[in-house]
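Presented below is the structure to which this report refers.
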Amino acid sequence: MFVVACGLLSASSAAQMTVYLDRAEFLSRLSNPTTYSFDYGDGFPAAPSEISSFGNGAVISTSTGGGPASIGIYAPQVWNQVLTGRAAESAGVPQVDFLVPVALSFTTAVYGVGFDAVATSDSGTAVPVLRVTYADSGASDQVVRDPPGPTFTSDFLGVVSSEPIAGIEFYAAPSGQPNVFGLCAGAIDNLTTAAVVVPEPSYLWAAVLTAFALWRPRRGRHAIMGHARSDS
Numbered sequence: 705m706f707v708v709a710c711g712l713l714s715a716s717s718a719a720q721m722t723v724y725l726d727r728a729e730f731l732s733r734l735s736n737p738t739t740y741s742f743d744y745g746d747g748f749p750a751a752p753s754e755i756s757s758f759g760n761g762a763v764i765s766t767s768t769g770g771g772p773a774s775i776g777i778y779a780p781q782v783w784n785q786v787l788t789g790r791a792a793e794s795a796g797v798p799q800v801d802f803l804v805p806v807a808l809s810f811t812t813a814v815y816g817v818g819f820d821a822v823a824t825s826d827s828g829t830a831v832p833v834l835r836v837t838y839a840d841s842g843a844s845d846q847v848v849r850d851p852p853g854p855t856f857t858s859d860f861l862g863v864v865s866s867e868p869i870a871g872i873e874f875y876a877a878p879s880g881q882p883n884v885f886g887l888c889a890g891a892i893d894n895l896t897t898a899a900v901v902v903p904e905p906s907y908l909w910a911a912v913l914t915a916f917a918l919w920r921p922r923r924g925r926h927a928i929m930g931h932a933r934s935d936s
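Under the working numbering, the first residue of the sequence shown carries the number 705, and numbering increases by one thereafter.
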């Protein structure tokens, strides 16, 4: 399923998933969250370096296509360490590559995942793309942080699921081409996960049901439900 995240949305497929574009609202749904800054001062390796796991093994980090992910410094816009992909070796040395998608697998049950999504394009606009897979289903959901910002954008993107999240894949894509990677640079910063989430307030679910009733005639294979909430 494909979801355009232009506000606070909820979607149903194998799982009931709510998309958040504001970190404070996302954190309000979590109990005892853990945040990974990827900074050297917080125990991560100094960039540039590879990283295959973190959080005492709670998160397995790889690059799409195999091999570990990378800790890199996203410059010139962001001068702190971030998590991104890794290219094949060049002259025997693995290379940090912001064009390669990064994939995370969670070794224990996770119901909430959010991060600062960094996306850059040399020309035009780049959009952050998040693919979510679930522990009890082969289905996956794709979320695009749209509309895009300027050439460089760094925005929060988070999801809360009713089913355990097995993993995520993240990359940046040209605007309007969410399935194309390798053309825009992307990275994850300040990753937050939680094994326990709290229910949404009842007034939000009432709005969800109202929106569902209004949108039902347009439903395809999956219903996409949303309720009005501005991105603050």
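Even glycine gets a Cβ: it sits at the ideal position worked out from N, Cα and C.
| query | result |
| --- | --- |
| Just grab the DSSP bridge partners of T768 for me. | Its beta-bridge partners do not exist; DSSP assigns none. |
| Let me confirm a value: T829 is counted as buried when at least 16 other C-beta atoms fall within 10 Å, else exposed. Which label applies? | buried |
| For G880, which option in I869, V848, S732 and N736 has the closest C-alpha, if you only look at C-alpha atoms? | V848 |
| Grouping DSSP H, G and I as helix and E and B as strand, with all else coil, what is A719? | coil |
| Could you please give me the residues that DSSP links to P832 through a beta bridge? | A876 |
| Tell me, please, whether the stretch 801 to 820 touches the stretch 884 to 904 by the rule of three or more beta-carbon pairs shorter than 8 Å. | yes |
| What residues in its chain sit with their C-beta under 8 Å from that of G761, if we drop five residues either side in the sequence? | T811 |
| What do you reckon, are the CB atoms on A821 and D859 nearer than 7 Å? | yes |
| Pick helix, strand or coil for L725, following the three-state DSSP scheme. | coil |
| Out of E904, V901, L725 and I892, which one is the CA nearest neighbour of G776? | I892 |
| What residue from E867, A807 and N784 has the CA that sits closest to R790's CA? | A807 |
| Report the rounded CA-to-CA distance for H931 versus G871, giving the unit in angstroms. | Here the model assigns H931 a pLDDT of 28, short of 50, so the residue's position is not dependable and the matter cannot be decided. |
| Might you give, ordered along the chain, the residues of its own chain that have their beta carbon closer than 6 Å to the beta carbon of A719, omitting 5 neighbours on each side? | Y838, S865, S866 and E867 |
| With a cut-off of 8 Å on the beta carbons, I'd call I755 and A779 a contact; round off their distance for me. | Actually they do not touch by this definition, with Cβ atoms about 19 Å apart. |
| For G886, count neighbouring Cβ atoms within 10 angstroms of its own Cβ and tell me buried if that reaches 16, exposed if not. | exposed |
| On the premise that A751 lies in contact with Q785, defined as a C-beta separation below 8 Å, what is that separation, rounded to the nearest angstrom? | 5 Å |
| Give me the residue from L861, I869 and S827 with the minimum Cα distance to A843. | I869 |
| Reducing DSSP to helix, strand and coil, say where Y744 ends up. | helix |
| From what residue to what residue does the beta strand (DSSP E) around G761 run? | Segment: none, G761 is in no beta strand (DSSP E) and carries neither H nor E. |
| Measure the Cβ-Cβ separation of A877 and V836 and say whether it is below 7 Å. | no |
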